[in-house]
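Terminal number for the sequence shown in our numbering: 938, no gaps in between.
Where is the CB? At the ideal position from N, CA and C, for every residue including glycine.
Written below as structure tokens is the structure these notes are about.
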Amino acid sequence: MAKIMSNINTNSEEFKKRYEFNKKKVEEINQIREELAKGGPEKAHEVNKKRGKLFCRERIEKVIDKNSPFLEIGPFVGYNMYNNEAPCGGIVTGIGKISGKEVMIIANDQTVKAGTYYPMTIKKHVRAQTIARENNLHCLYLVDSGGVFLPMQDEVYPDKEHFGNFFYNQAIMSSMGLLQVAVVTGLGTAGGAYVPAMCDQVIMVKNQSAIFIGGPPLVKAATGEEIDAENLGGADVHTRISGVADYLASNEEEALKKAREIFAHLPKQKKFPLDRIEPKEPLYDPDEIYGILPEDLSIPFDVREIIARIVDNSEFEEFKPLYGQTLVTGFARIGGYLVGIIGNNGIIFPESSQKAAHFVELCSLRKVPLIFLQNITGFIIGKKYEHQGMAKDGAKWITAISTTNVPKITIIIGNSYGAGNYAMAGRGYNPRFLWMWPNAKIAVMGPQQAADVLSSIKLAQLEREGKKLTQEEIEAIRK
Numbered sequence: 460m461a462k463i464m465s466n467i468n469t470n471s472e473e474f475k476k477r478y479e480f481n482k483k484k485v486e487e488i489n490q491i492r493e494e495l496a497k498g499g500p501e502k503a504h505e506v507n508k509k510r511g512k513l514f515c516r517e518r519i520e521k522v523i524d525k526n527s528p529f530l531e532i533g534p535f536v537g538y539n540m541y542n543n544e545a546p547c548g549g550i551v552t553g554i555g556k557i558s559g560k561e562v563m564i565i566a567n568d569q570t571v572k573a574g575t576y577y578p579m580t581i582k583k584h585v586r587a588q589t590i591a592r593e594n595n596l597h598c599l600y601l602v603d604s605g606g607v608f609l610p611m612q613d614e615v616y617p618d619k620e621h622f623g624n625f626f627y628n629q630a631i632m633s634s635m636g637l638l639q640v641a642v643v644t645g646l647g648t649a650g651g652a653y654v655p656a657m658c659d660q661v662i663m664v665k666n667q668s669a670i671f672i673g674g675p676p677l678v679k680a681a682t683g684e685e686i687d688a689e690n691l692g693g694a695d696v697h698t699r700i701s702g703v704a705d706y707l708a709s710n711e712e713e714a715l716k717k718a719r720e721i722f723a724h725l726p727k728q729k730k731f732p733l734d735r736i737e738p739k740e741p742l743y744d745p746d747e748i749y750g751i752l753p754e755d756l757s758i759p760f761d762v763r764e765i766i767a768r769i770v771d772n773s774e775f776e777e778f779k780p781l782y783g784q785t786l787v788t789g790f791a792r793i794g795g796y797l798v799g800i801i802g803n804n805g806i807i808f809p810e811s812s813q814k815a816a817h818f819v820e821l822c823s824l825r826k827v828p829l830i831f832l833q834n835i836t837g838f839i840i841g842k843k844y845e846h847q848g849m850a851k852d853g854a855k856w857i858t859a860i861s862t863t864n865v866p867k868i869t870i871i872i873g874n875s876y877g878a879g880n881y882a883m884a885g886r887g888y889n890p891r892f893l894w895m896w897p898n899a900k901i902a903v904m905g906p907q908q909a910a911d912v913l914s915s916i917k918l919a920q921l922e923r924e925g926k927k928l929t930q931e932e933i934e935a936i937r938k
């Protein structure tokens, strides 16, 4: 493969200005992330400690392999929603290694409204299960939840991807050979009782965890029977009498150790067949990306400069380099793995669409995963291109993206507008993972275009009504 030769002057004032701007953006986001990771209010943490319970993130740290990474999924879920009372959506999800096996971990945060499920909590839980299913990951559920957040029950029950979808997903994954394991460290109440009940193996903590479809208050209200949580559905009940749980642990540490033992006994997971060689570092420092991305996203930049800083040895075998040049396609290696890369270098023309469809089909044929670097304002418009069949060319590209049988990963590095989002494997086109850089934006169209369209519609409406407007009034509407 040919090496990409960078044209970036890292000593220029423009580079330094962009570097500082983007570095600051990332620092601001990391600060927010650190604050969200603290979970619920201090009072809730104090109650947790008095009960001798670990914080959900401490549980994750203890169960994953020592000094191994944890890829957190959706840390900003719930941010600036629900009066900021559901940091991280009240649940921590991510991929970690347990006894050498890659596992999707779904951990309730009991410090956030007693671990209850808001609408976004459910969306995050389902997304984690989807990632697990698509990537052949076993699942570990660290259960400590009061079930549905009742004040919002109309938004969490009973639609397709609402609360009940958890259990459907668990059944499907179990049938696929993806082990479902639960460590119940607190309550599993109401619908939440089915999370451990649907698992293949369940561990409960003595005098701390309980599982029941109807808790003591509901039992009393419905039947008049008075009973405490421990005798209704405690760890002893479910390991000795009901058989709902399989293992009784004396404390959380013992329970997490047992979970590690369970995963240690599993065979290696089946993976998508990937071509891999010894990885190499890029020739250019990835940190230089900070100095490449403009503060104003309307300013163009060459996506090859980004590719040069993320691929092995900065080597890139470009496909159709002289055709459809507003789209960059080609093969490279990342971490030693062969991948196909599609990156935007401007607006999409018919030639770009044809090139993209061809490249996606080629990657499907060769079983090469696809990486999308999105910075797209959309497809070219106008009489000339409509007559050329731009819509049909775009449709062929979207069809190729929709029907490909290889994994897709999407990174939004700039703008992501209109149908361009679809063509570049936006969320609706099932990428295995999707990341957005701090400067990135998703919208139906750019802000100026949206303002122009809306003002044109308003002016046309007033004209039909026979209203005469002064130039000042017209300008006011356009603003």
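- When beta bridges are read from the DSSP output, C598 appears opposite M563 and Q639.
- When rounded, the separation of the alpha-carbon atoms in S701 and K560 is 30 Å.
- Q667 and K512 do touch by the CB rule: their CB atoms are close to 7 Å apart, below 8 Å.
- In this structure the segment 692-708 does not touch the segment 727-734; the number of beta carbon pairs closer than 8 Å is below three.
- Looking at the backbone, the Cα of V678 and that of K482 are separated by about 55 Å.
- A distance below 9 Å separates the beta carbons of G553 and I519.
- Residue environment analysis places W856 among the buried positions, since at least 16 neighbouring C-beta atoms fall within 10 angstroms of its C-beta.
- A direct Cα-to-Cα measurement between A899 and I839 gives close to 21 Å.
- The DSSP-derived three-state label of A850 is helix.
- Taking K665 as reference, the option from E713, E501 and I463 with the minimal CA-CA separation is E713.
- Beyond the five residues adjoining it in sequence on each side, D687 comes within less than 8 Å, by CB distance, of P675 in the same chain, given in chain order.
- For the pair I835 and Y888, the CB atoms are not nearer than the 9 Å cut-off.
- CA-CA distance, E764 to S757, rounds to 17 Å.
- A check of alpha carbon separations from I564 across G802, Y653 and L637 identifies L637 as the nearest.
- Nearest neighbour of V640 by Cα position, chosen from A566, T929, P738 and P578, turns out to be A566.
- Within the segment 818-864, the complete alpha helix (DSSP H) runs of at least 4 residues fall at 842-847 and 849-862.
- The three-state reading of DSSP puts E531 in strand, counting E and B together.
- By alpha-carbon distance to C547, the top candidate from I581, Y627 and T869 is I581.
- The beta carbon of N466 sits closer than 8 Å to those of D761 and E764, all from its chain and outside the five residues before and after it, given in chain order.
- Within its own chain, the residues whose Cβ lies closer than 6 Å to the Cβ of D603, once the five positions on either side in sequence are excluded, are N567, Q569, G574, T644 and G645, listed in chain order.
- The segment 737-755 and the segment 605-616 do not touch, with fewer than three beta-carbon pairs separated by less than 8 Å.
- The C-beta distance from A767 to T788 rounds to 15 Å, too long to meet the 8 Å contact threshold.
- Membership of V661 in the beta strand (DSSP E) is indicated by the continuous run Q660 to V664.
- Counting every other CB atom within 10 Å of its CB across the protein chains shown gives R792 a total of 16 or more, marking it as buried.
- When DSSP states are grouped into helix, strand and coil, L918 belongs to the helix group.
- Check the Cα spacing between W894 and each of S914, G905 and G873: the tightest is with G873.
- Between Y844 and the set E810, G498 and V696, the nearest pair of CA atoms involves E810.
- Beta-carbon to beta-carbon, Y576 and V615 are separated by about 6 Å, close enough to satisfy the 8 Å threshold.
- The three-state secondary structure of F731, taken from DSSP, is coil.
- Less than 9 Å divides the Cβ of A704 from the Cβ of H697.
- Each residue's CA atom was taken as its position, placing R699 and E501 some 36 Å apart.
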